[in-house]
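One structure is given here, and the rest of the page talks about it.
Number of protein chains: 4
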Amino acid sequence: MNEEIIRKVLSFRQKRNWEQFHNPKDLAISISIESSELLENFQWKSSEEAFSLNKDNIADELADVLIYSIYMAESLNLSIEELIQNKLKKNELKYPVEKAYGTKDKYTNL
Amino acid sequence: MNEEIIRKVLSFRQKRNWEQFHNPKDLAISISIESSELLENFQWKSSEEAFSLNKDNIADELADVLIYSIYMAESLNLSIEELIQNKLKKNELKYPVEKAYGTKDKYTNL
Amino acid sequence: MNEEIIRKVLSFRQKRNWEQFHNPKDLAISISIESSELLENFQWKSSEEAFSLNKDNIADELADVLIYSIYMAESLNLSIEELIQNKLKKNELKYPVEKAYGTKDKYTNL
Amino acid sequence: MNEEIIRKVLSFRQKRNWEQFHNPKDLAISISIESSELLENFQWKSSEEAFSLNKDNIADELADVLIYSIYMAESLNLSIEELIQNKLKKNELKYPVEKAYGTKDKYTNL
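What follows is the structure, given as structure tokens:
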């Protein structure tokens with residue numbers, strides 16, 4: 129992720145003196161809560177209905193998931209890129225193209 | 129976010145022909161499920177215990193949250209940076225430094 | 129809820145000496161995790177596909193949500209019936225039949 | 129669960145003609161959303177702080193989890209008691225008292 133945006137996200141928190149509350153357990157809770165608020169936009173709706181009615185709020189809640197994820201990565205002393213890179217490598221092994229192509233099965237069922 | 133990592137995440141999906149399953153509603157469900165798997169690492173534990181026992185899994189589940197978030201941003205035709213930038217601006221208004229400094233209250237209670 | 133089943137659920141925990149871990153915050157986390165495992169059965173699937181493939185697991189995860197909910201009600205010193213009764217009364221006011229009939233709108237939009 | 133309360137919960141829905149929206153996938157989403165609203169009461173707080181500040185809302189959100197769980201059980205054509213009874217039997221096998229006593233380990237680690 130762009131260095132500048134990371135710096136802004138961290139600076140937002142620092143200016144408000146909120147690091148004291150941001151222990152990893154409560155950050156994990158917060159990511160879960162925000163992802164649920166994202167999901168609420170789709171409750172009782174198709175994807176199309178949700179996008180046509182709630183697109184701005186969907187963008188905002190997704191941003192909240194990302195912002196808390198940046199704080200969690202900071203707690204782990206890992207960059208967003210490292211995190212994703214490492215996981216993609218594992219996913220390559222769990223979901224080899226020849227087995228996973230066009231199927232939505234979990235790797236345990238491939 | 130680094131262009132290259134975004135490309136890798138999108139290419140991982142394309143190679144497996146999974147775009148067909150990735151409608152926004154199921155992506156929102158997936159972000160919520162992964163964030164819950166992240167949280168499971170902290171169940172019955174302090175932050176310290178969780179980090180000392182489960183740090184690798186915490187990193188992996190956080191990466192899954194981020195990977196699905198990248199797919200959702202793609203569905204919205206928005207970059208990760210735009211999303212965060214726009215939300216930070218709103219958060220500046222909801223949580224002005226002079227009111228929000230050192231407090232964990234929700235903006236509705238400030 | 130049937131007295132006997134409540135007694136069984138509480139006795140299951142007591143025999144294992146687990147009350148020491150069951151603080152309300154971790155119970156709330158646990159309800160959220162189990163509800164996410166319930167939801168996982170529907171990921172990338174229609175309701176019909178999920179029911180035909182995963183009905184037993186859906187029943188089991190729903191049961192886990194209910195079991196932790198019983199522990200949480202116990203922490204609150206409230207019976208399941210009181211809890212539901214009180215909330216139904218509030219919902220009657222938030223969703224009067226004449227306004228809410230046949231609509232999936234949130235009460236804030238009625 | 130008390131027959132009368134089940135009848136009230138089902139009648140609340142029927143009077144509003146909401147069965148049409150209550151497919152199992154959206155019910156699972158709803159249980160997850162409500163459990164997250166329950167959890168939000170504990171965000172950045174200890175159990176004690178949360179109970180002293182938010183006890184009424186905790187009770188209300190727990191009730192919402194239970195109400196949607198009743199609708200889901202109805203979709204499964206299972207009683208709440210059967211669901212819990214069946215799961216307790218499985219949990220007895222996964223967590224035998226002699227192995228699980230006083231430990232918070234997952235059954236896969238016992």
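Chains as they are written, first to last, in the numbering used here: chain E, 129 to 238; chain W, 129 to 238; chain R, 129 to 238; chain C, 129 to 238.
A virtual CB, placed ideally from N, CA and C, is assigned to each residue, including glycine.
Just so we're clear, the structure is a prediction, and the values are computed from it rather than from any experiment.
(message) List, from N- to C-terminal side, the beta strand (DSSP E) runs of 3 residues or more that fit wholly inside the stretch 155–198 of chain C.
(response) none
(request) Kindly list, in the order they appear in chain C, the residues whose Cβ is closer than 7 Å to that of S160 (chain W). (result) S160
(request) Report the neighbours of I157 (chain E) on chain R: residues whose CB is nearer than 8 Å to its CB, in chain order. (result) I157
(request) Please list the partners that F149 (chain R) has in chain W, where partner means a Cβ-to-Cβ separation under 7 Å. (result) W172
(message) Pairs of beta-carbons, one from the stretch 187–206 of chain W and one from the stretch 194–209 of chain E, closer than 8 Å: are there three or more?
(response) yes
(request) With 8 Å as the threshold, decide whether the Cβ of K232 (chain R) is near any Cβ in chain E. (result) yes
(request) Consult DSSP for P152 (chain E) and reduce its assignment to one of helix, strand or coil. (result) helix
(request) Measure how close the beta-carbons of N169 (chain C) and N182 (chain C) come, nearest whole angstrom, since I'm counting them as under 8 Å. (result) 4 Å
(request) Grab me the residues of S158 (chain E)'s own chain with a C-beta within less than 7 Å of its C-beta, minus the 5 sequence neighbours each way, in chain order. (result) Y196
(message) Whole angstroms are fine: how far does the CA of I198 (chain R) sit from the CA of Y225 (chain E)?
(response) Note that residue 225 (chain E) is Val in the sequence shown here, rather than Tyr. V225 (chain E) and I198 (chain R): Cα-Cα distance of roughly 44 Å.
(request) Alpha carbon to alpha carbon, how far is E210 (chain W) from A219 (chain R)? Give it in angstroms, no decimals. (result) Going by the sequence as given, residue 219 (chain R) is Asn instead of Ala. Rounded to the nearest angstrom, the two C-alpha atoms are 38 Å apart.
(request) Could you pull out every residue in the same chain whose Cβ sits closer than 8 Å to the Cβ of Y223 (chain C), ignoring the five residues on either side in sequence? (result) Y235, L238
(request) To the nearest angstrom, report how far apart S174 (chain W) and K153 (chain E) are at their CA atoms. (result) 7 Å
(message) Spatial neighbours of S163 (chain R) within its chain, please: C-beta separation below 6 Å, excluding the five flanking residues on both sides.
(response) V193
(message) Against chain C, with Cβ distances strictly below 8 Å, would E168 (chain E) count as a contact?
(response) yes
(request) Assign I189 (chain W) to one of two classes, buried (16 or more other C-beta atoms within 10 Å of its C-beta) or exposed (fewer than that). (result) Note on residue identity: the sequence assigns Glu, not Ile, to residue 189 (chain W). Under this definition E189 (chain W) is a buried residue.
(request) Take L204 (chain E) as the anchor and find which of W:S207, W:A187, W:E147, W:E131 has the nearest alpha-carbon. (result) W:A187
(message) Which residues in chain C have a C-beta closer than 7 Å to the C-beta of S164 (chain E)? List them in chain order.
(response) S160, I161, S164
(request) Name, please, each residue of chain B whose Cβ falls closer than 7 Å to the Cβ of D154 (chain R). (result) Note that chain B does not occur in the displayed structure, where the protein chains are E, W, R and C.
(request) In angstroms with no decimal places, state the Cα-to-Cα distance between Q148 (chain W) and A156 (chain W). (result) 15 Å
(request) Determine the direct distance from the alpha carbon of E131 (chain W) to that of F140 (chain C), and round the result to whole angstroms. (result) 51 Å
(message) Could you check whether K227 (chain C) and W172 (chain W) sit closer than 8 Å to each other, using their CB atoms as the reference points?
(response) no
(message) Closest to Y229 (chain C) by C-alpha separation, out of R:V137, R:Q142, R:S160, R:L138, would be which residue?
(response) R:Q142
(message) So that I know if they touch, is there some Cβ in chain W lying closer than 8 Å to that of E209 (chain E)?
(response) yes
(request) Note the first and the last residue of the continuous alpha helix (DSSP H) segment covering S139 (chain W). (result) 131–143
(request) Run the CB neighbour count on E176 (chain W), radius 10 Å, all protein chains shown included, and call it buried at 16 or more, exposed below. (result) exposed
(message) If you reduce the DSSP assignment to three classes, tell me which class K227 (chain R) lands in.
(response) helix
(message) Distance check for F179 (chain W) and L167 (chain R), CA to CA, integer angstroms please.
(response) 27 Å
(request) Evaluate K215 (chain W) with the Cβ neighbour count: other Cβ atoms within 10 Å of its Cβ, from every protein chain shown; 16 or more gives buried, anything less gives exposed. (result) buried
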